[in-house]
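For reference, the structure is listed below as structure tokens.
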């Protein structure tokens with residue numbers, strides 16, 4: 001997965017993600033920053049566009065006629081599956097439906113399309129979301145986290161404290177929110193050390209903007225260098241956006257600092273991500 005774009009809608013965080021994560025093709029409001037490109041690796045947009053806030057704008061299905069799963073029974077099937085990866089998918093589907101409801105309230109012109117979300121090649125009609133699914137979807141994420149499913153930690157960041165990203169704005173000083181911020185940062189660091197490129201990209205954004213952890217521009221730059229190295233190591237996957245971002249970092253630091261950061265990035269990449 002490669003980038004998460006952010007925007008603020010209805011006083012809350014709203015993010016349009018890219019292809020694999022299926023967050024919207026266009027943001028209903030202002031600043032975009034990170035978009036998800038694929039479920040496996042992360043990439044950044046330009047430095048000027050990045051805000052470091054977690055994603056929250058849902059993706060709209062292109063057309064109800066493309067519907068492959070007309071009800072939300074598929075979500076319940078995933079939640080009952082024995083595969084931990086399915087629990088994460090079930091959580092994502094409900095999460096996007098709930099976000100779509102918020103988008104629908106703020107942008108009535110897309111009311112029909114806002115009932116549809118796309119996930120894993122299916123288009124789900126959110127109008128069939130049940131009270132039980134709304135109640136249980138965060139527990140599915142907890143189960144995926146407990147099973148160490150790749151992507152679950154980043155989804156925890158995306159979902160926000162107890163599934164409510166608004167709390168990062170409205171209840172930031174709440175001890176529970178503060179605890180969630182510290183725990184989420186620690187979990188992302190652990191996932192990054194295991195080679196989760198999406199987590200590395202997310203951490204870079206967090207440290208760049210201090211969204212859930214203190215700002216650390218140097219670590220942000222180093223992590224962007226790691227993601228660029230990982231992306232360039234994948235055959236046939238150019239990384240112009242990340243090259244541009246790293247070029248921006250080079251203008252922010254002295255040559256000596258850049259050399260030190262490059263050495264740190266090499267060590268990090270060799271430890272976490274280089275294929276043996």
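Numbering (my numbering), first residue to last: 1 to 276.
Even glycine gets a Cβ: it sits at the ideal position worked out from N, Cα and C.
Rounded Cβ spacing between residue i and residue j (contact assumed at less than 8 Å)
| i | j | result |
| --- | --- | --- |
| residue 267 | residue 246 | The pair is not a contact, with the Cβ atoms about 17 Å apart (cut-off 8 Å). |
| residue 93 | residue 119 | 5 Å |
| residue 81 | residue 133 | The pair is not a contact, with the Cβ atoms about 14 Å apart (cut-off 8 Å). |
| residue 122 | residue 74 | 7 Å |
| residue 273 | residue 195 | 5 Å |
| residue 163 | residue 138 | 5 Å |
| residue 233 | residue 140 | With a Cβ gap of about 33 Å, residue 233 and residue 140 do not count as contacting. |
Unbroken alpha helix (DSSP H) run spanning residue i, endpoints
| i | result |
| --- | --- |
| residue 243 | 240-252 |
| residue 226 | 217-232 |
| residue 129 | Per DSSP, residue 129 belongs to no alpha helix (DSSP H) and is neither H nor E. |
| residue 170 | 167-170 |
| residue 235 | That residue, residue 235, is in no alpha helix (DSSP H); it is neither H nor E in DSSP. |
| residue 86 | 84-106 |
| residue 194 | Element bounds for residue 194: n/a, residue is neither H nor E. |
| residue 272 | 255-272 |
| residue 158 | 152-159 |
| residue 212 | No alpha helix (DSSP H) contains residue 212, which DSSP labels as neither H nor E. |
| residue 81 | Counting along the chain, residue 81 falls outside any alpha helix (DSSP H), and DSSP gives it neither H nor E. |
C-beta contact flag for residue i and residue j at 8 Å
| i | j | result |
| --- | --- | --- |
| residue 188 | residue 222 | no |
| residue 227 | residue 258 | no |
| residue 229 | residue 265 | yes |
| residue 203 | residue 192 | yes |
| residue 167 | residue 175 | no |
| residue 146 | residue 95 | no |
| residue 206 | residue 185 | yes |
Residue i - partner residues in DSSP beta bridges
| i | result |
| --- | --- |
| residue 122 | 119 |
Any non-hydrogen atom of the ligand GTP closer than 7 Å to residue i Cβ
| i | result |
| --- | --- |
| residue 179 | No copy of the ligand GTP appears in this structure; indeed no ligand is present at all. |
Problem - Three or more C-beta pairs below 8 Å linking the stretch 154-174 and the stretch 120-134 - result: no
Practice task
Indicate whether the contact test is met: 3 or more Cβ pairs, each with one atom in the stretch 84-92 and one in the stretch 134-153, closer than 8 Å.
Solution key: yes
Handout entry: Cβ pair count under 8 Å reaching 3, the stretch 210-218 against the stretch 229-248
Key = no
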